[in-house]
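Below you'll find the structure, written out as structure tokens, and then a few comments.
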Amino acid sequence: MGGGSWTSRETQTSYRSYAKTVSEARNVDQVFRKTQMSSVLDPKNAVLRESCDGEDNPDSTPIIIGLDVTGSMGRIAMHVAQVGLNDIMTSIFDRKPVNSPHLMFMGIGDAEYDDAPLQVSQFEADFRIVEQLSNLYVERGGGGNQTESYDLPWYFAGTRTKHDAFEKRGKKGYIFTMGDELPPTTLRASAINRVFGTDEQHDVPTVESLKMAEEKYHVFHIIIEQGSYAIRRPNEVRSAWEQLMHNRALFVDNYNYLSQVIVSAIQVSEGADPEQVISSWEDQSIQQTVRRAIGA
Numbered sequence: 617m618g619g620g621s622w623t624s625r626e627t628q629t630s631y632r633s634y635a636k637t638v639s640e641a642r643n644v645d646q647v648f649r650k651t652q653m654s655s656v657l658d659p660k661n662a663v664l665r666e667s668c669d670g671e672d673n674p675d676s677t678p679i680i681i682g683l684d685v686t687g688s689m690g691r692i693a694m695h696v697a698q699v700g701l702n703d704i705m706t707s708i709f710d711r712k713p714v715n716s717p718h719l720m721f722m723g724i725g726d727a728e729y730d731d732a733p734l735q736v737s738q739f740e741a742d743f744r745i746v747e748q749l750s751n752l753y754v755e756r757g758g759g760g761n762q763t764e765s766y767d768l769p770w771y772f773a774g775t776r777t778k779h780d781a782f783e784k785r786g787k788k789g790y791i792f793t794m795g796d797e798l799p800p801t802t803l804r805a806s807a808i809n810r811v812f813g814t815d816e817q818h819d820v821p822t823v824e825s826l827k828m829a830e831e832k833y834h835v836f837h838i839i840i841e842q843g844s845y846a847i848r849r850p851n852e853v854r855s856a857w858e859q860l861m862h863n864r865a866l867f868v869d870n871y872n873y874l875s876q877v878i879v880s881a882i883q884v885s886e887g888a889d890p891e892q893v894i895s896s897w898e899d900q901s902i903q904q905t906v907r908r909a910i911g912a
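Residues 617 to 912 (our numbering) are what the sequence shown spells out, left to right.
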């Protein structure tokens with residue numbers, strides 16, 4: 617997948633209609649109306665997700681954005697789902713930190729407790745990503761195990777995606793997961809089988825899921841410090857994510873600026889000077905949040 621162009625007149629007209637719907641909505645349920653996981657986002661139906669070069673996108677780069685949609689994120693998950701994902705999408709297409717971005721959105725829950733612990737869109741280069749995003753089920757679940765299944769997107773990316781950036785050019789794509797709890801330690805075989813409809817016999821340590829994803833992607837995790845769990849146990853959360861992800865654990869103190877953090881992290885990974893990237897944002901509060909996140 618990945619055809620079409622974000623700059624086409626048809627895409628811009630469709631997007632303006634969607635943006636108007638989002639801006640006029642009084643709550644997230646008026647934008648995301650699903651009460652269960654849509655079949656189009658069910659990973660059981662996603663044998664392989666592909667990001668392919670095309671006539672409109674000859675130099676494609678896949679970018680996966682995974683949102684924690686559990687209850688611990690509270691109002692933050694609602695805000696990000698209703699406004700933040702839209703901001704991320706438009707910032708990536710407008711600012712173009714990479715050529716021909718192909719976006720995939722994921723919903724992340726808890727594989728031990730939730731009905732829909734992972735939801736995955738196709739890779740898209742135009743308004744069709746919005747149409748898929750509207751199918752997102754905001755479950756508001758999770759459990760009492762102090763973590764969510766942030767390793768499910770890594771496992772999926774490592775085992776069920778293929779992209780021309782890597783196959784043709786040896787270039788990695790990008791994965792950004794986000795949440796406020798601790799990283800998991802193990803992806804149980806029973807959870808893999810339930811989510812993907814497979815017959816896996818062995819548990820997969822989180823570090824192995826991460827390594828699989830890192831073969832084809834630059835993998836980042838965004839810790840939203842305003843989340844309820846991160847507020848209660850900030851030192852524990854920071855220590856655990858830094859140990860696992862090192863400088864690709866991005867600590868964000870204002871979730872309103874997620875799009876700026878994501879775009880900035882990609883630009884720096886692509887070779888841009890961090891100070892120039894930070895100063896390119898006019899608002900000083902955005903600069904402060906980006907600087908804190910990318911460690912410049």
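Glycine residues also receive a C-beta, built at the ideal position from the N, C-alpha and C atoms.
Counting the other CB atoms within 10 Å of its CB gives S676 a total of 16 or more, which places it among the buried residues.
Secondary structure note for D767: its alpha helix (DSSP H) is the uninterrupted segment D767 to R776. In the assembly as shown, G911 is an exposed residue. Its beta-carbon has fewer than 16 other beta-carbons within 10 Å. Taking 8 Å as the upper bound for CB-CB distance, R665 and T777 are in contact here, some 5 Å apart. Its Cα nearest to that of G682, the residue F721 stands out among I704, S875 and F721. Considering only T905, M861 and Q652, the residue with the shortest C-alpha distance to N751 is Q652. Note on geometry: alpha-carbon atoms of E797 and E858 lie some 13 Å from one another.
Spanning the alpha carbons of Y833 and K788 requires a straight line of approximately 5 Å.
Secondary structure at P674: coil, using DSSP grouped into helix, strand and coil. The residues I791 and A829, in chain order, have a CB closer than 6 Å to that of V835 in the same chain once the five nearest residues on each side in sequence are set aside. Residue environment: H779 is assigned as buried (16 or more neighbouring CB atoms within 10 Å of its CB, all protein chains considered). For the set P800, V820, T793 and P799, the Cα lying nearest the Cα of S806 is the one of V820.
Residue environment analysis places S655 among the exposed positions, since fewer than 16 neighbouring C-beta atoms fall within 10 angstroms of its C-beta. Where V835 is concerned, there is no enclosing alpha helix (DSSP H), although the beta strand (DSSP E) around it starts and stops at Y833 to I840. Following the DSSP letters along the chain, one finds Q817 in no beta strand (DSSP E), marked with neither H nor E. Around T793, the same chain offers G682, Y766, P769 and H837 as residues with beta carbons nearer than 6 Å, after the five sequence neighbours per side are excluded.
Excluding the 5 residues flanking it on each side, H818 has same chain C-beta neighbours closer than 8 Å at A805, in chain order.
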